[in-house]
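**Q** Protein chains in written order, with the numbering used here: chain A, 10 to 289; chain B, 10 to 352; chain C, 7 to 255.
What follows is a single structure, and I will ask about it in a moment.
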Amino acid sequence: MCDNCGCETTEENIFLPKEAKIIKAVQATADVKLFTLKMADGYIHWDPGQFLEVSLFGYGEIPIGFASSPTRPESFDIAIRTVGRVSGAINKLVAGDSMFLRAPLGTGFPINLLRGQDVIIVAGGIGLCPTRSLIQYIMDRRDEFKKFTLIYGAKNPSQQMFKDELATWKKSSDIDFYDIVDKADENWKGEVGLITSLFAKTNLNPETRAVICGPPIMFKFVVMELNKRGIKNENIFLDLERRMKCGVGKCGHCQINDQYVCVDGPVFPLSKAKQLEEAL
Amino acid sequence: MKNYYLSENDFSDFVTRMISTKELIAPIAKGPRFVFSKIKSPSEIRLDYDVTILPPKKEFFPPRQNLVKFSSKGYEGCIDPKEKILFGVHPYDVKGIDITDTVFENNKKDMNYLANRRAATIVASNIQKVSSRAFWDTVGADIKAKGHDAFLTKISDGYHFQTLTTKGDALISCGKFTAATEKQSSEAKKVNESVNGTCPEKLKHSSKDIAKKVRDSFSKKEMWDKMAQRCFSCGTCNIVCPTCYCFDVQDKWNVDQTSGVRTRYWDSCLTEEFSKISLGAGHSENFRESRGSRYRHRIMRKAAYLNETLGGPACIGCGRCSSGCTANIADPVEAINTIMEVK
Amino acid sequence: MSRPKVGFFDFTSCEGCQIELTNFGDAAFLELLNHIDIVEFREAMSEKTDHLTIACIEGSFSREQDRARLEDIRKRSDIVISYGACASTGGINALKNHQDDYKKCVYGKDCNMPHLASQEARPISAAIKVDYQVHGCPMDKYEFLDIVSHLLHGKEPVVPTYPVCVECKRNETVCRYDDGDHCLGQVARAGCGAICPSHGIPCEACRGFVHDANEESLVQTLIEKAGFSKKRAQSKSRMFTANLRSDAQ
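Given below as structure tokens:
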């Protein structure tokens, strides 16, 4: 039995995926599709921040973060942006189709270190998808966490995902939610500018735990804002992206110094990432 | 552990009997070099080889290995181990296999490797000829070769054969073995000890000191760039390395265009696109873009990164990379000795 | 993609790649014919069609008057594949880009006949947009099959970006340099399965250079390890990479 979830650590073929059925497929933005899935054999356990290797036979496999919380176990979501061969093929699938998964993989967000603390999540672009697993988790178990802040930056209003949920979060007293776009369109009434400008609106105590997920360029500037507010590097967690093939610490593509992002991460405390010259 | 003796005259009969029971993989000549290959007759075996082009890991982790077969009817894994005897493996290569055993056992077990590994009987052999770029006697010298099932040593009038496992014991029935005398066993011991100190290349520091100094040299960008100046990014040093295990995975359709295979291929972190990701819309990011950063990653992996996991360096001193590199820059001895001198 | 209409066209070349295609004769190619309709193929038929799903172009672009024909193919086609070294890099034809006295040497007294007038040899991509390239002299028919197979499924073909050495070592071929020979495999684009070295023949980089090929290092290796003169070492890779080398005209 494994320590994490009690599943059997049998000598099964780690490269043999399992079938999942698409219950729902909606276009989240022009190039991002949100899939709601259910395993064909009904069983999957995951932690927020963990990921899956999603495949279509003939096209290949890609690593994708869970985009929904295990507190909603009846199904799970993944969001895929069309960038290459595999994502392009998967995004042509519709409800009723199957995709093939190896999951859960990697080390997710350190829920135990966030519990009982103020939490801020900073998500840029597609980074909202993997963090959504944590956002939903915190919202579903709201009592276990103190003040909860979410900052979300998108390129433009049409690239904003989960619009219904964003509206709910905006109204909710359980979460301080701020969003911004780099470039507005005629209908946009919200903030325009860099994601870091939203920090002026927040009121963060130095003991706040922070989670950052977004394009690599964003990390540096967000970290500066957090540090400015007295938040220490060991309380800042980064969700990193690298090239991945196997997802199980073998193929070497995702290695950052001596760390395998697919096993040791994808979530790393900034204090640890700082020791990895190749991380940031 | 049991010690046996086999006379020179009985050797070929022993090999013939082994071939009749299982697939026998042994060193044979290929042009001016040697390779591990399936043999049909005892005369092909060249126990006087210096080093093979590829290490024996290829028997468990082949350069191209199917992982999943798919068709319109469904899909299945491709694990299909065949019982083999891997014969005449030099001790440094035994150490290499021990390292790949560890990494494929680690994290999640990779049965695509392990099933093949478990189906193999490994017969190590003494080194009769030292290759021109070898340095196995100064790298991780305190680490003992382990994981083999038997050890064959050429002695004056025949072979000393030491069995270490039940798989090794099982081979005894294939030959006219007698119990080794104490004299024969001590001669075998001497033969194996006598090669130590004969490698043409030498590391001058302990693995521990090397690991620390190499790791601490990470940010010496100019040094790494200079070392890698002549690098072709051709991947030879990775592909011939017994302790490299990186791979790429690709799907392909068969000609019927409905069935196909998912295959893994040996990959190389020295090649330009190894760490490159696509960001969409024609954009990409390469996390190790310069030759120097890729060269550094390899030396780090061999000398520092994996030491904790393995209990020593991820290099066994076979010298394959040194001799395979046509720019003559891959040699870990030269690289490490240089790094150790830099202030 | 439902049974794509495929056409084959040739420009300045030996037409060896077309021969390589028709040479298939084995089950693999016949099987492929179940999935495509060949609608234009000068070596085998004379029909012409308005719309092509895939146009496969062989040969280099070496006469300005070919531009209109290429543009016509492009206009009629969804996907354009240049196949073979001539079409994808200019190939051997591009050797002339560095010469000015070749015409007399090749054609003798007829050298000024109008049909022999040509410009520098360029890849097809110098005239029109090319979607995919199949490299090699001749192109590898199995790679061609594989690329068409990918396109049948709407998947961008996977073409190796690493050098021939990777494939050669995977094959456990004796390095040409270990056999007292020379080789360009270190800088040559893979995808051929390193077939030449496996038959004891040096790689001539017929598929062109990998990105960021270390030309200086190659010259040094040819001098040091293969005993070439400096002059020979410097010109060695030109046969197939005249348009790709740092000294390309």
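No residue lacks a Cβ here, since even glycine has one placed at the ideal position from N, Cα and C.
According to DSSP, is A:Leu122 part of a helix, a strand, or is it coil?
**A** DSSP places A:Leu122 in helix when its eight states are reduced to three.
**Q** Whole angstroms is fine: what's the gap from C:Asp253's alpha carbon to B:Glu92's?
**A** Looking at the two C-alpha atoms, the distance is approximately 55 Å.
**Q** Do we get a CB-CB distance below 9 Å when we pair C:Lys175 with the residues of chain A?
**A** Not closer than 9 Å to any Cβ of chain A, the Cβ of C:Lys175 fails to qualify, so no.
**Q** In the structure shown, what three-state DSSP assignment does A:Asp248 receive?
**A** Note: A:Asp248 maps to strand in three-state DSSP.
**Q** Please report the residue range of the alpha helix (DSSP H) in which B:Arg273 lies.
**A** Element bounds for B:Arg273: not the alpha helix (DSSP H) but the beta strand (DSSP E), Gly269 to Trp275.
**Q** For C:Leu36, count the other beta carbons within 10 Å of its own beta carbon; 16 or more makes it buried, fewer makes it exposed. Which is it?
**A** With fewer than 16 other Cβ atoms within 10 Å, it is exposed.
**Q** Answer yes or no: do B:Cys278 and B:Cys255 have a C-beta to C-beta separation smaller than 9 Å?
**A** Yes, these two residues count as a Cβ contact at 9 Å.
**Q** Since C:Lys161 meets chain A, which of its residues come closer than 9 Å, beta carbon to beta carbon?
**A** Those within 9 Å of C:Lys161 in chain A are Gly67, Tyr68, Gly69, Arg94, Val95, Gly97 and Ala98.
**Q** Mind the definition here: the stretch 211 to 224 of chain B touches the stretch 43 to 54 of chain B only if three or more C-beta pairs lie below 8 Å; say whether that holds.
**A** Judged by Cβ distances under 8 Å, the stretch 211 to 224 of chain B makes no contact with the stretch 43 to 54 of chain B, as fewer than three pairs qualify.
**Q** For the stretch 47 to 69 of chain B, which residues have a CB atom closer than 7 Å to at least one CB atom of chain C, in sequence order?
**A** Flagged, chain order: Ile62 and Leu63.
**Q** Please list, in chain order, the chain C residues whose beta carbon lies closer than 9 Å to that of B:Arg239.
**A** What B:Arg239 touches in chain C: Asn220, Glu222, Ser223, Gln226 and Thr227.
**Q** Among A:Pro225, A:Ile226, A:Lys237 and A:Pro224, which has the Cα closest to the Cα of A:Gly217?
**A** Strictly speaking, residue 217 of chain A in this sequence is Thr, with Gly absent from that position. Considering only alpha carbons, the answer is A:Lys237.
**Q** Reducing DSSP to helix, strand and coil, say where A:Gly256 ends up.
**A** Coil.
**Q** Unbroken alpha helix (DSSP H) runs of length 4 or more, entirely within the stretch 37 to 90 of chain C: which are they?
**A** With a minimum length of 4 residues, the continuous alpha helix (DSSP H) runs that stay inside the stretch 37 to 90 of chain C are 72 to 82.
**Q** Residues of chain B with a CB under 8 Å from the CB of C:Asp152: which are they?
**A** Going along chain B in sequence order, the residues near C:Asp152 (Cβ under 8 Å) are Lys261.
**Q** Rounded to a whole number of angstroms, what is the C-alpha to C-alpha distance between B:Arg142 and C:Thr227?
**A** About 18 Å.
**Q** If you draw a straight line from the C-alpha of A:Pro225 to the C-alpha of A:Leu289, how long is it?
**A** Each residue's Cα considered, the two are about 7 Å apart.
**Q** Could you tell me whether the Cβ of B:Glu294 comes closer than 9 Å to any Cβ of chain A?
**A** So yes, B:Glu294 belongs to the interface.
**Q** With a threshold of 9 Å between beta carbons, is B:Asp225 in contact with chain A?
**A** No, B:Asp225 lies away from the interface with chain A (no Cβ there is under 9 Å from its Cβ).
**Q** In chain order, what residues of the same chain have a beta carbon less than 7 Å from the beta carbon of A:Asn22, not counting five sequence neighbours either side?
**A** Here the set comprises nothing.
**Q** Any beta-carbon of chain B closer than 9 Å to the one on C:Thr167?
**A** Yes, contact with chain B.
**Q** Please list the partners that C:Ser155 has in chain B, where partner means a Cβ-to-Cβ separation under 8 Å.
**A** Within chain B, the residues near C:Ser155 are Lys261, Trp262, Val264 and Gln266.
**Q** What does a CB cutoff of less than 7 Å around A:Gly202 pick up in its chain, not counting 5 residues either side in sequence?
**A** The residues are Ile189.
**Q** Using CA coordinates, which residue listed in B:Asn205, B:Gly167 and B:Asn115 is at the minimum distance from B:Gly149?
**A** When each option's Cα is compared against that of B:Gly149, the closest is B:Asn205.
**Q** Starting from the beta carbon of B:Ser277, find every residue of chain C whose beta carbon is closer than 8 Å, and list them in chain order.
**A** In chain order: Tyr168 and Val172.
**Q** If you drop the 5 nearest sequence neighbours on each side, which residues of the same chain put their C-beta closer than 6 Å to that of C:Thr18?
**A** Once the five neighbours on either side are set aside, the close Cβ partners of C:Thr18 are Gly65, Ser66, Ser68 and Asn99.
**Q** What three-state label does DSSP hand B:Cys395 in the structure shown?
**A** There is no way to answer for residue 395 of chain B, as the model of chain B reaches only from 10 to 352.
**Q** In chain D, which residues lie with their C-beta within 9 Å of the C-beta of B:Leu76?
**A** Of the chains in the structure shown, none is chain D; the protein chains are A, B and C.
**Q** Leaving out the 5 sequence neighbours to the left and right, which residues in its chain are closer than 7 Å to B:His306 when beta-carbon positions are compared?
**A** Around B:His306: Cys278 and Arg297.
**Q** Hey, out of C:Pro203, C:Pro208 and C:Thr59, whose CA is closest to C:Lys81's CA?
**A** Considering only alpha carbons, the answer is C:Thr59.
**Q** Should C:Pro129 be labelled buried (16 or more other beta-carbon atoms within 10 Å of its own) or exposed?
**A** Buried, by the Cβ-count rule.
**Q** Quick one: is C:Val164 near chain A, going by C-beta distance under 9 Å?
**A** Chain A contact via Cβ: present.
**Q** With H, G and I counted as helix, E and B as strand and the rest as coil, what does DSSP make of C:Glu221?
**A** It is helical.
**Q** Considering B:Ser50, what are the terminal residues of the alpha helix (DSSP H) in which it resides?
**A** Unbroken run through B:Ser50: none, as it is neither H nor E.
**Q** Just to confirm the assignment, what range does the alpha helix (DSSP H) spanning C:Glu173 have?
**A** Where C:Glu173 is concerned, the enclosing alpha helix (DSSP H) stretches over Val170 to Arg176.
**Q** Where do the ends of the beta strand (DSSP E) carrying B:Pro341 lie?
**A** Careful: B:Pro341 lies outside any beta strand (DSSP E), inside the alpha helix (DSSP H) at Pro341 to Glu350.
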